[in-house]
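Heads up: the structure comes next, in structure tokens.
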Amino acid sequence: MVKIILKFVSKLIKDKLSLQSEVLISRTVKYLLYLILVVMVLNEFGFKISALLGAAGIFGVAIGFASQTSVSNIISGIFLISEKPFMIGDIVEVNGNLGTIDSIDLLSVKLKTFDGRYIRIPNETMIKNDVTNITRYPIRRAQFVVGVAYKEDVRKVMEILKEIAGNIPGALKDPAPLLSLEDFGDSSVNINFGVWTETANVISMKTELMLAVKERFDKDGIDIRFPHISVYAGEVSNPIKIETNTKEV
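According to my numbering, the sequence shown is numbered sequentially starting from -6.
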């Protein structure tokens, strides 16, 4: 009987609500049906329902004081479902954990990370902490910082980056690519570079962009800088050459 009613409820709400709302309603109905079934069975065995409810009330008050966190999680779960900051299947980041939303229940959210971990996060934590929804919007920008030597013609470098952005497969023309000077670093002039693409492709797009930049810079002889230190003996002296001697043992 319980299964028949649950199937009826599922058909009734199917495609009318979000997936997490369907799951929550189905589980709530399931628990209520089992509770009614238990009460009916006890009634058949001659238990007085009024006395049972009185005892349950006293027991419920005691449990209530001991389960304030659970109540807070339930209320937070209701807020999450009504506000819908994320849905089942979305990729989110919370407290440094990045993964796919596997389920949203009354007490917690289940997260499956990309390295195969299963994380249970209390709903109250999801409400109180910053949650980044990676897949909320259909497009994202794949970007990184390119550092070139101070001797390079920065305007020319930015033109080359613009050309790369226009030729990379999967990059969107609108919105326009990101090209801006980040700062003057210790060893390089740093340029923000990025293109917009479909959210599902953002990781592979960043990889392809970085490969394209490296190959083009190697071809044109553009120096991608790395942190280094030059030691001088005076203001106009040449850099001091440091040699190490190794002895064969």
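For every residue, glycine included, the Cβ atom is placed at its ideal position computed from N, Cα and C.
Worksheet entry | 8 Å Cβ cutoff met for I114 and S96 | no
Once DSSP output is grouped into helix, strand and coil, what is the label at I127?
coil
task: Look at the Cβ atom of S180, then the Cβ atom of R218, and state whether they are nearer than 8 Å.
output: yes
Select from V22, L73, L171 the residue whose C-alpha is nearest the C-alpha of L154. L171
- [ ] Look up D211 in the DSSP assignment and say whether it is helix, strand or coil.
- [x] helix
Find out if the Cβ-Cβ distance for the pair M130, T192 is shorter than 8 Å.
According to the sequence shown, residue 130 is Tyr rather than Met. Taking 8 Å as the Cβ cut-off, Y130 and T192 qualify as a contacting pair.
Span of the alpha helix (DSSP H), counted from its first residue to its last, around I97
I97 -> not in any alpha helix (DSSP H); beta strand (DSSP E) instead, spanning 90 to 97.
Exercise. Flag this pair as yes or no: are the beta carbons of R134 and V188 separated by less than 8 Å?
Key: yes
Query raised in the report: Under a Cβ-count criterion, where at least 16 other Cβ atoms within 10 Å of its own Cβ denotes burial, should V64 be classed as buried or exposed?
Result: exposed
Open item on the list: Under 7 Å: does the beta carbon of V147 sit that close to some heavy atom of the ligand GTP?
Closed with: In the structure shown, the ligand GTP is absent, as is every other ligand, since no ligand is present at all.
Practice item. Might you give, ordered along the chain, the residues of its own chain that have their beta carbon closer than 7 Å to the beta carbon of F210, omitting 5 neighbours on each side? Key: I217
Suppose contacts are defined by Cβ-Cβ distances below 8 Å. Is M198 in contact with A158 by that definition? no
What's the gap between the Cα of G326 and the Cα of F137? With the chain covering only -6 through 242, there is no way to say anything about residue 326.
Buried versus exposed, by CB contacts within 10 Å (16 or more), N88: exposed
- Message: Check this for me: beta carbons of I196 and V139, under 8 Å apart or not?
- Response: no
* If we count the other Cβ atoms within 10 Å of its Cβ and call it buried at 16 or more, is T190 buried or exposed? -> buried
| At which residues does the alpha helix (DSSP H) containing A158 begin and terminate? | 147 to 160
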